[in-house]
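Undergrad:
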Amino acid sequence: MTRKKLIAGNWKMNGSLRESRELVAALTAGVSTSGANATMLLCPPFVYLPAVRDWLQGSSIALGGQDLADKEGVGAYTGEVSGAMLRDVGCSYVIVGHSERRALYGETDAVVAAKVQAAQRAGLTPILCVGETLEQREAGQTRSVVSAQVAAVVEAAGVRAFAEAVVAYEPVWAIGTGRTATPEQAQEVHAFIRGMVAARDATIAAGLSILYGGSVKGANARNLFAMGDIDGGLVGGASLVAAEFLEIFRAAA
Ligand code: PEP
């Protein structure tokens with residue numbers, strides 16, 4: 005089965021309106037000439053979403069949120085943004101359970117699982133982030149940590165949730181550190197995740213896109229994307245530099 009290749013840019017809390025506009029202009033110009041065989045996705049801060057949507061008109065680049073509320077509908081949830089609101093401003097994807105959300109904002113596996121469900125009910129494709137810390141890797145706990153993170157979603161939503169989701173394996177020690185996982189290290193965990201899903205539904209597992217995230221750069225993207233279970237990347241720092249992000253995109257496309 006050929007899986008969808010996705011190159012997602014997580015801008016985190018970076019940029020201004022002017023910088024965002026320059027970045028999007030460079031990306032739309034670069035992508036239209038590259039003969040895309042993969043999808044490029046931009047996940048700017050919430051407040052820039054409508055502007056970025058307008059600048060992307062006529063391009064093949066998709067739009068996504070960096071997070072969403074675990075609550076649905078409307079209500080007294082100050083500061084929160086719902087999946088329906090993200091859809092309303094043109095998003096088709098949303099990052100869920102990024103390690104920064106888990107570590108800095110206390111998102112538990114249960115909250116992350118609720119967000120995956122909220123995203124899907126709103127018609128968004130969640131990008132479920134999983135990954136171990138350096139301490140956990142050194143203690144030989146990579147598989148048990150990742151397995152618990154995936155299992156929380158299976159328990160809450162069933163394996164069917166993975167038919168309409170993307171997984172991003174992001175070892176915490178590789179995010180923003182310049183210390184990229186080797187293609188072999190990443191492939192091992194990607195194959196493990198696919199195997200977990202396959203144990204419940206082989207067809208869903210075969211179609212599941214699993215992205216790698218953690219210091220992906222133009223220079224290392226090709227070797228990572230050459231691995232059999234790596235279906236693209238979730239890119240932080242390098243997604244803010246048009247030439248670098250386009251090089252990563254071309255390595256997948
Ligand atoms: C990320 O933000 O998900 C990420 C992987 O960041 P970086 O590419 O900068 O390591």
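Once you know that position 130 of the sequence shown is 134 in the working numbering, the rest is easy, because the numbers rise by one and skip nothing. Virtual Cβ for every residue (Gly too), placed ideally from N, Cα, C. From a predicted model like this one, the values you see are computed outputs, not experimental measurements.
(1) Would you report the Cα separation of Gly87 and Pro49, rounded to the nearest angstrom?
(2) Going along the chain, which unbroken runs of the beta strand (DSSP E) with 3 or more residues stay wholly within the region 81–148?
(3) Using a threshold of 8 angstroms, state whether the C-beta atoms of Val35 and Ile65 are closer than that.
(4) For Leu21, which residues of its own chain have a beta-carbon under 8 angstroms away from its beta-carbon, when the five flanking residues on both sides are left out?
(5) Using CA coordinates, which residue listed in Gly199, His194, Met89, Asp235 is at the minimum distance from Leu128?
(6) Give the list of continuous alpha helix (DSSP H) stretches no shorter than 4 residues that lie fully inside the region 8–72.
(7) Take Asp205 and list the residues in its own chain whose beta-carbon comes closer than 7 angstroms to its own, dropping the five residues that flank it on each side.
(8) Could you check what DSSP says for Ala172 in three-state terms: helix, strand or coil?
(9) Is the region 64–82 close to the region 101–117, with three or more CB pairs under 8 angstroms?
(10) Run through DSSP, which three-state label would Gly211 get?
(11) Suppose contacts are defined by Cβ-Cβ distances below 8 angstroms. Is Gln140 in contact with Thr146 by that definition?
(12) Quick one: does the C-beta of Leu31 sit closer than 7 angstroms to a heavy atom of the ligand PEP?
(13) Is Val239 near the ligand PEP, with its Cβ less than 7 angstroms from a heavy atom?
(14) Does the ligand PEP have even one heavy atom less than 7 angstroms from the beta-carbon of Gly69?
(15) Measure the C-alpha to C-alpha separation of Ser1 and Gly110 and round it to an integer number of angstroms.
(16) Do Lys119 and the ligand PEP come close, with the Cβ less than 7 angstroms from some heavy atom?
(17) Is it right to say Gln191 is buried, meaning 16 or more other beta carbons lie within 10 angstroms of its own, or is it exposed?
(18) Can you tell me the Cα-Cα spacing of Cys47 and Gly199, whole angstroms?
(19) Applying the 10 Å Cβ sphere with the 16-neighbour rule, what's the burial state of Tyr97?
(20) Should Ala210 be labelled buried (16 or more other beta-carbon atoms within 10 Å of its own) or exposed?
(21) For Val171 versus Ile197, is the C-beta spacing smaller than 8 angstroms?
(22) So Asn14 and Ser243 are in contact, right, with Cβ under 8 angstroms, and what is the actual spacing, rounded?
(23) Is Ile179 near the ligand PEP, going by C-beta to nearest heavy atom under 7 angstroms?
(24) Could you check the C-alpha separation between Leu215 and Pro175 for me, to the nearest Å?
(25) Report the residue from Phe229, Arg125, Ser24 whose alpha carbon sits nearest the alpha carbon of Glu76.
TA: To lay it out plainly:
(1) 14 angstroms
(2) 97–100, 129–134
(3) yes
(4) Tyr52, Ala55
(5) Comparing alpha-carbon positions, the option among Gly199, His194, Met89, Asp235 lying closest to Leu128 turns out to be Met89.
(6) 21–36, 53–59
(7) Val163
(8) The answer is strand: DSSP assigns Ala172 an E or B state.
(9) yes
(10) DSSP places Gly211 in helix when its eight states are reduced to three.
(11) yes
(12) no
(13) yes
(14) no
(15) This structure cannot settle anything about residue 1, because the visible part of the chain is limited to 5 through 257.
(16) no
(17) Gln191 is buried by the Cβ-count criterion.
(18) 28 angstroms
(19) buried
(20) exposed
(21) A Cβ-Cβ contact shorter than 8 angstroms links Val171 with Ile197.
(22) 6 angstroms
(23) yes
(24) The alpha-carbon atoms of Leu215 and Pro175 are separated by roughly 12 angstroms.
(25) Arg125
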